[in-house]
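Each residue of the sequence shown is one higher than the one before, counting from 1307 in this note's numbering.
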Amino acid sequence: MKQTVYTASPESQQIHVWRLDPEGALTLLQVVDVPGQVQPMVVSPDKRYLYVGVRPEFRVIAYRIAPENGALTFAAEAPLPGSPTHISTDRSGRLLFSGSYNAGCVSVTRLEDGIPTQTVDVVEGLEGCHSANISPDNRTLWVPALKQDRICLFTLGEDGNLTAQEPAEVTTVEGAGPRHIAFHPNQRYAYCVNELNSSVDVWQLSDAHGNIDCVQTLDMMPADFSDTRWAADIHITPDGRHLYACDRTSSLLTIFSVSEDGSVLAIEGFQPTETQPRGFNVDHTGKFLIAAGQKSHHIALYEIAGEQGLLTEKGRYAVGQGPMWVVVNAY
């Protein structure tokens, strides 16, 4: 398996392209100058394109991925209705979703042979919309509205339109601020990191009656932490055994073990990392984690090891200014 790591640095308007070798070392392959502040990124399901959200001219840019080494070339771009805070695709690669925090909306853009074209739907009134996350069955879009302490649920139509599901939303505790979501590979549980109280909620996707319930809430911070809570990102290993979340104030990665059925989390430890870790990701083998320091202008690569999934730093690399997004492609 070949793997390429992409890091987005909006302050210097760059994407760094890295080769990840099986031993856990990164080699810089390319630096792409982006026409704007590049923030969220996602790889298409067929591995052919990298989509990036750009501001201040709100749009999505598609870069073609070279199959031999993961290098990028510009392919196309399309406008977005609001500043892109998070982008993702449906699991078939037909549609691209963009959540906009400032505009309070989620939009759907049609992809034609991987190329972004026109906007097919926009849902507004989502204050602090922070991400758009398609369920493993490709039917339900989970959209956290941070300022409203709710996750809105939409049924995805064949034409790309979004319809409020029943139930139309689930709510967190007041002041939690739901932000990013990861799904367990068994398709039965979702994990939402809450920005404002640095907690993680475990959501059972649905019971026999179609209900979605929060089955656990866990504080992700050390017991002696007393500063402002400011959680950011969350990812799970491909085997579903280990979950990770980051907090920017403390510059910590929290390490969770996941029960076999996915319903219960337990904290195994804390890993100090790059200053203000806004984004990170786990590679496709589940052996490595790459974290970006928004204030250190570096990324750090860690090996994931043992039953607890603890992290050991393997290397540290300078990137562009203000790195805040990491994605990994395998081919």
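Glycine included, each C-beta is placed from N, C-alpha and C at the ideal position.
My understanding is that residue i touches residue j, with C-beta atoms under 8 Å, so please give their C-beta distance in whole angstroms.
i, j, result
"T1313", "W1631", "7 Å"
"P1578", "A1597", "Not quite, the Cβ-Cβ distance comes to about 10 Å (not below 8 Å), so this is no contact."
"E1430", "Q1454", "Going by Cβ atoms, the distance from E1430 to Q1454 rounds to 13 Å, so no, they are not a contact pair."
"R1400", "S1437", "The pair is not a contact, with the Cβ atoms about 19 Å apart (cut-off 8 Å)."
"S1413", "P1387", "5 Å"
"S1504", "D1567", "About 25 Å separates the two Cβ atoms, so there is no contact after all."
"L1332", "G1621", "6 Å"
"I1561", "G1615", "6 Å"
"H1590", "V1625", "So it is not a contact: roughly 21 Å between Cβ atoms."
"N1444", "S1398", "7 Å"
"I1321", "V1340", "6 Å"
"P1422", "A1368", "6 Å"
"V1344", "Q1319", "6 Å"
"A1538", "E1501", "7 Å"
"V1323", "G1376", "6 Å"
"V1521", "V1508", "5 Å"
"P1346", "T1391", "7 Å"
Going by DSSP, which residues form a beta bridge with residue i?
i, result
"P1528", "DSSP output for P1528 lists no bridge partner at all."
"A1368", "Y1357 and A1382"
"L1511", "In DSSP, L1511 forms no bridge with anything."
"L1417", "P1422"
"P1484", "N1500"
"I1406", "Looking at the sequence shown, residue 1406 is not Ile but Ser. Its beta-bridge partners are C1411."
"D1427", "V1414"
"V1506", "V1499 and L1524"
Can you give me the start and stop residues for the beta strand (DSSP E) that residue i sits inside?
i, result
"G1585", "P1583 to V1588"
"Q1309", "Q1309 to S1315"
"C1435", "Run containing C1435: none; DSSP gives neither H nor E here."
"M1347", "Q1343 to V1349"
"D1339", "L1332 to D1339"
"Q1471", "L1468 to T1477"
"A1543", "Before going further, note that residue 1543 is Thr rather than Ala in the sequence given. No beta strand (DSSP E) contains T1543, which DSSP labels as neither H nor E."
"I1321", "Q1320 to L1326"
"A1636", "W1631 to A1636"
If you run the structure through DSSP and keep just helix, strand and coil, what is residue i?
i, result
"K1453", "helix"
"Y1608", "strand"
"Y1550", "strand"
"A1598", "strand"
"H1392", "strand"
"D1567", "coil"
"W1536", "coil"
"S1398", "coil"
"K1620", "strand"
"V1521", "strand"
"E1580", "coil"
"T1461", "strand"
"S1557", "coil"
"E1574", "strand"
"T1446", "strand"
Measuring only from the beta carbon, is residue i closer than 7 Å to any heavy atom that is part of the ligand FAD?
i, result
"M1527", "For the structure depicted, the ligand FAD is absent and the ligand set is empty, with no information on it obtainable."
Q) Below 8 Å, can you find three or more Cβ-Cβ pairs linking the region 1461-1475 to the region 1488-1496? A) no
Q.
For the pair the region 1519-1532 and the region 1590-1610, tell me if three or more CB-CB distances fall below 8 Å.
A. no
**Q.** the region 1348-1359 / the region 1324-1331 touching (three or more Cβ pairs under 8 Å)
**A.** no
Q.
Taking 8 Å as the cut-off, does the region 1536-1550 touch the region 1458-1471 (at least 3 CB pairs, one atom from each stretch)?
A. no
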